[in-house]
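Visitor: At position 54 of the sequence shown the residue is numbered 54 (our numbering), and the sequence of numbers has no breaks. I'd like to ask some things about the structure below.
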Amino acid sequence: TLEEYPKADENKIYYVTDENLQAQYISMFRQNGLTAAVLTHVIDPHFISMLEYKEQEKLKFLRIDSDLGSALK
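Written out as structure tokens, the structure reads:
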């Protein structure tokens, strides 16, 4: 569930939109003990926007390749 996904001190949820094209990033995340949500459906971008709006202070969705430096620290 979304409540379980982020670590207690984080509000970032990383996601992938294409498991094949982003496979190298998924591998890097796994090697560092991180996970990313797989969002491949047409409705997913709208769902993300709705959740970010609803939970403005709590959630931020980032594509897996958008913030590698901070994610892999």
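Quick reminder that beta carbons are idealized off the backbone N, C-alpha and C, glycines included. Because the structure is a prediction, the values reported are computed rather than measured.
Given E19, which residues of its chain have a CB within under 8 angstroms of its CB, disregarding the five upstream and five downstream residues?
Guide: Result list for E19: I26, V38 and T40, in chain order.
Visitor: Mind checking which residues open and close the beta strand (DSSP E) that includes I13?
Guide: Here the beta strand (DSSP E) through I13 covers K12 to V16.
Visitor: Which residue or residues does DSSP assign as beta-bridge partners of A37?
Guide: Partner(s): Y15.
Visitor: Let me make sure I understand the geometry here. Which of E55, K60 and G33 has the alpha-carbon closest to that of Y15?
Guide: The candidate whose alpha carbon is nearest that of Y15 is K60.
Visitor: Have a look at K12 and F47 and give me their C-alpha separation to the nearest angstrom.
Guide: Going by the C-alpha atoms only, they are around 15 angstroms apart.
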